[in-house]
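Since the structure comes first, as C-alpha cells, the remarks are kept for the end.
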Amino acid sequence: MSAVLSELSFNVKRLFQHSLTSLDRRDASLARLELFESLLLTNLGRQLGEFTESDAERLYFEVFSPFFLHLWPGDQANPTATYVEHSEESKDLIRAFRPFIVTIEKGMRGEDFFAQQIEINEPPRLLPYYRRVLLLQVKMTKDKGFHSFLKLLRFAKREEWDRLMQESPRPEDVAGAGQAEHSSAAVILYGFLTLWSDWSKLQDCLNEAISDLQSSSDVIRFSERVRYIVNWRVDLSSNELVSRLDTLKEQVKKLVASEYSGADRVRVQDMFDRLFEEIFGLTPA
Amino acid sequence: MEVPVDQQISAAPVKHTHVPLDQVLRRAYVLLSGAATVTTAVVFVHGFKGDPVETWTQFQTIIDTHAEEFPDWERTDVFFFDYDSTKASIDDSKHRLLEFVGKVYPSFHFDTEAALPVTRTYSRLILVGHSEGGVVIRAAIAFAGKKFDSDPQRAPILTARVALFAPAIFGFRPTSWIGVVTSFTIFQKLFNLYVAKSTPATELWDKTVLEQLTKVTEHLWSNFPDVTAYRAHVLYGSDEHIVLRSCYLQDCEHTPEPNKDHIMICKPSNGYTRPLAFVFGDCSK
Chain A
1 MSAVLSELSF NVKRLFQHSL TSLDRRDASL ARLELFESLL LTNLGRQLGE FTESDAERLY
61 FEVFSPFFLH LWPGDQANPT ATYVEHSEES KDLIRAFRPF IVTIEKGMRG EDFFAQQIEI
121 NEPPRLLPYY RRVLLLQVKM TKDKGFHSFL KLLRFAKREE WDRLMQESPR PEDVAGAGQA
181 EHSSAAVILY GFLTLWSDWS KLQDCLNEAI SDLQSSSDVI RFSERVRYIV NWRVDLSSNE
241 LVSRLDTLKE QVKKLVASEY SGADRVRVQD MFDRLFEEIF GLTPA
Chain B
286 MEVPVDQQIS AAPVKHTHVP LDQVLRRAYV LLSGAATVTT AVVFVHGFKG DPVETWTQFQ
346 TIIDTHAEEF PDWERTDVFF FDYDSTKASI DDSKHRLLEF VGKVYPSFHF DTEAALPVTR
406 TYSRLILVGH SEGGVVIRAA IAFAGKKFDS DPQRAPILTA RVALFAPAIF GFRPTSWIGV
466 VTSFTIFQKL FNLYVAKSTP ATELWDKTVL EQLTKVTEHL WSNFPDVTAY RAHVLYGSDE
526 HIVLRSCYLQ DCEHTPEPNK DHIMICKPSN GYTRPLAFVF GDCSK
C-alpha cells in the first residue's frame, strides 16, 4: 500500500468513526464534511491513477457506503428508492458541497460513488500536485487545534463567539494551541493562522502546477476541482462566517501592528491587508 | 556533564562495545554489536547545545538491558555523530553529517575500517535526531535528494528511515505577535518585518532555512513518494514548550507522549521504552 493511500485510508476510517460516535453534534457534523471531502479527493486520486480501482473500491465498501446509508433520515435508508429523502445531515452536506449534489444523491442511493469526474487527458503529470493537496487536506483534518477552530467558526453561537473574542491570549498561547480541544481565543487565532497558512500553501501548489504545466486545460480543470472540493472551509456565502473571518483578519493585524509604531505601524497594516487579500480574496465562492 | 560511556555500559550485559571514531570524526563513536549478523546502522544526531554522549546516555545501556523485548537493537551498530550545534550553520552541519554517513553506510570507508575491529555491510540505515539534530538530518536528506533529482544514482542516505524526537523543523516557540504569525506563514514580506524586529541576525537566517527546507522536502516527496527518507517519523512530548510542534505534510506524526518535555522525550528508561520501538517501528499512531 502506498504511503499516500495508507494516509488517506487511515484518515477516512478515523473520520467515519468520529462522525458516528462523537457525542458532540458539532464534531460529528464537521467529521461528515471532512469525510465527504475525502471521498471527492479519493475519486480524484483514482482518476489520476494514484490509487488502483480496487484500492478505491475497498474504501467505498468499507467507509463511504455505510457513511451514505447513515445520511438517510432515522432508520429509513432506502437505496433502491427513486428519490432520495434528505436528512438534516445530508442537507448540511449539500449546503457545503453544492457543486457535488449528484455525487451525494448517487452515493445515498448506493449507485456510483465515482461520479462527476472531470476530463483529464494526461493524469500522471498532475500526480505530484495531487499528492500535496491530499496530504494538506489530511493534515487539516488531523490538526486538533484547527478542528476546534473550524467548529467554533462554523457552529458557535454569536454570544459564545463574542465572549471568546474578548479574551486576550499571549503569543505563546497561540503558538502552542495545536493540540487544544477546548474553546478559547488562543485556539481561534491558532486556527485562523493555520487556515491562512494552509490556504497559501494550497494556492502555491496550484499556481505551481499551472505554471509547470503551462496552463494546460488539464491543470486548469484540476485546479478548479480542487478549489471546489476544499472551499467549504471558507464558505463565503455565509454572512456570519465572512464576518467572523473579517474580525479575525482585523484582530491579527491589530496585534502585530501593536508591536510597531509610527510609519512602520501603517506599513504593517497595509501589508496585512494585501496578504489577506492575496490568500482569501481569490477564493471562488 | 559528560558521563564516560564505558561506565554506562558496564552495568548491562555486554552486547555492544564502545569504540571511539575520532579518526573519522572528532568526538564521534560507535557501539558495535556483538551479534553474528549485523544488518542495521543507526546514526544518532543530537540537538542544540546537545552532546553525542549526554543526549543519548540512556539509549547506550538500555539497548542491551532491553534486548529481549526489542531484539532489533541486537543486530544493530549504533553510531553517535557530533557537530557544533551552537556555532556551525545548518548548512555546514548537514555536509558534515553526509560525510559521516558516507563513511559508515552501507559499508565502511577505509578511514572507518582502520578505526574498527570489524567490517560491515548494512542493509538498513536509520537516522535519529533530537531537536536541531532533526533539522540537520532533514537538510542532509534534502541536499542528497536535490542531487538525486538530476542524477539517477540514488544516494544511500535516501533509503534511511528517519526518526525524529521533538525536531525543531519549524523553529522555536515565539513570544511576539510578529513571531507567531511568521511561524505559521511563509511570506517573504513578513520575514523581512520579523528580521527588522528581532535582534539576533541568526533568528531570521534560521527561519528562512527552515522554510526553504520544508518546501524543498515536500516538493521532493511529492515527486518521489517512494523515497523513504523524505517521510520522517516524528514524536513530540505533550509537554513540549521549546519548539513548535508540527510536521511536514508527508510525515508520520506519532501520538504525543504524555508527560514528556523537550528534553525527556528522547530519554528511554525502564518505565518509558517507547523510544526503543519508535526508532525501528512502523507508523503507529
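These protein sequences, in sequence, are chains A and B. Just so we're aligned: 83 in the numbering used here is position 83 of the first sequence, and the numbers increase by one with no gaps anywhere. With the second sequence counted from 1, adding 285 to any position gets you the numbering used here. Where is the CB? At the ideal position from N, CA and C, for every residue including glycine. Model, not experiment: these values are computed from the prediction.
Pick from the options that is closest to residue i, judged by C-alpha positions
i: B:ASP524; options: B:LYS431, B:PHE509, B:ILE347, B:HIS547; result: B:HIS547
i: A:ASP112; options: A:TRP161, A:GLY262, A:SER217, A:PHE100; result: A:PHE100
i: A:LEU33; options: A:SER54, A:SER243, A:THR141; result: A:THR141
i: A:PRO79; options: A:PHE68, A:SER87, A:GLU89; result: A:PHE68
i: A:MET108; options: A:LEU213, A:SER87, A:GLU278; result: A:SER87
i: B:LEU412; options: B:TYR515, B:TYR557, B:TYR368, B:VAL330; result: B:VAL330
i: B:PHE385; options: B:ALA313, B:SER461, B:ARG458; result: B:ALA313
i: B:THR444; options: B:GLN308, B:TYR515, B:ILE550; result: B:TYR515
i: B:LEU382; options: B:PHE469, B:PHE428, B:ASP511, B:HIS518; result: B:PHE428
i: B:ILE442; options: B:VAL466, B:THR406, B:GLY387; result: B:GLY387
i: B:LEU520; options: B:THR540, B:ARG409, B:LEU534; result: B:THR540
i: B:VAL512; options: B:THR350, B:PHE366, B:ARG439; result: B:ARG439
i: B:LEU505; options: B:VAL528, B:HIS518, B:THR404, B:LEU534; result: B:LEU534
i: B:LEU495; options: B:PRO452, B:THR460, B:ILE527, B:TYR368; result: B:PRO452
i: A:ASN43; options: A:PHE114, A:GLU172, A:VAL84, A:SER216; result: A:PHE114
i: A:ASP173; options: A:GLN166, A:LEU164, A:SER184; result: A:SER184
i: A:PHE146; options: A:TRP196, A:PHE280, A:ILE118; result: A:TRP196
Distance cut-off 7 angstroms: residue i Cβ against heavy atoms of the ligand ADP
i: A:LEU236; result: The model depicted lacks the ligand ADP and carries no ligand whatsoever.
DSSP state of residue i mapped onto helix, strand, coil
i: B:LEU489; result: At B:LEU489 the pLDDT is 42, less than 50, meaning the model places this residue with poor confidence and gives no usable figure here.
i: B:ARG409; result: strand
i: B:THR484; result: Only weak support exists for where B:THR484 lies, its pLDDT of 40 falling under 50; the coordinates are left without a value.
i: A:THR82; result: coil
i: A:PHE146; result: helix
i: B:VAL528; result: strand
i: A:LEU15; result: helix
i: A:LEU8; result: helix
i: B:PHE457; result: strand
Cutoff 8 angstroms: residue i Cβ touching any chain B Cβ
i: A:GLN47; result: no
i: A:LYS144; result: no
i: A:GLU34; result: no
i: A:GLY176; result: yes
i: A:ALA263; result: no
i: A:ALA115; result: no
i: A:LEU59; result: no
i: A:LEU136; result: yes
i: A:GLN179; result: yes
i: A:ALA3; result: yes
i: A:LYS249; result: no
i: A:LEU297; result: The structure shown has nothing for residue 297 of chain A, since chain A only spans 1 to 285.
Sheet register partners of residue i (DSSP bridge)
i: B:THR302; result: B:LEU317
i: B:GLY522; result: B:GLU542
i: B:GLY414; result: B:VAL330, B:LEU449
i: B:VAL363; result: B:LEU316, B:VAL327
i: B:SER554; result: B:TYR557
i: B:CYS537; result: B:HIS518
i: B:SER392; result: B:THR406
Residue i at chain A interface by Cβ criterion, 8 angstroms
i: B:ARG423; result: no
i: B:THR460; result: yes
i: B:LEU529; result: yes
i: B:GLY414; result: no
i: B:ILE348; result: no
i: B:HIS301; result: no
i: B:HIS526; result: yes
Legend entry - Residues from the segment 189-221 of chain A in contact with chain B, defined by Cβ distance under 7 angstroms: LEU193, THR194, TRP196, SER197, SER200
Legend entry - Within 8 angstroms of chain A by C-beta, residues of the segment 539-553 of chain B in sequence order: PRO541
Legend entry - Residues of the segment 499-512 of chain B with Cβ closer than 7 angstroms to any Cβ of chain A, in chain order: GLU503, SER507, ASN508, PRO510
Legend entry - chain B contacts from the segment 146-176 of chain A (Cβ-Cβ distance under 9 angstroms): ARG170, PRO171, GLU172, VAL174, ALA175, GLY176
Legend entry - Contact set between the segment 91-120 of chain A and chain B, restricted to residues whose Cβ is under 9 angstroms from the partner: none
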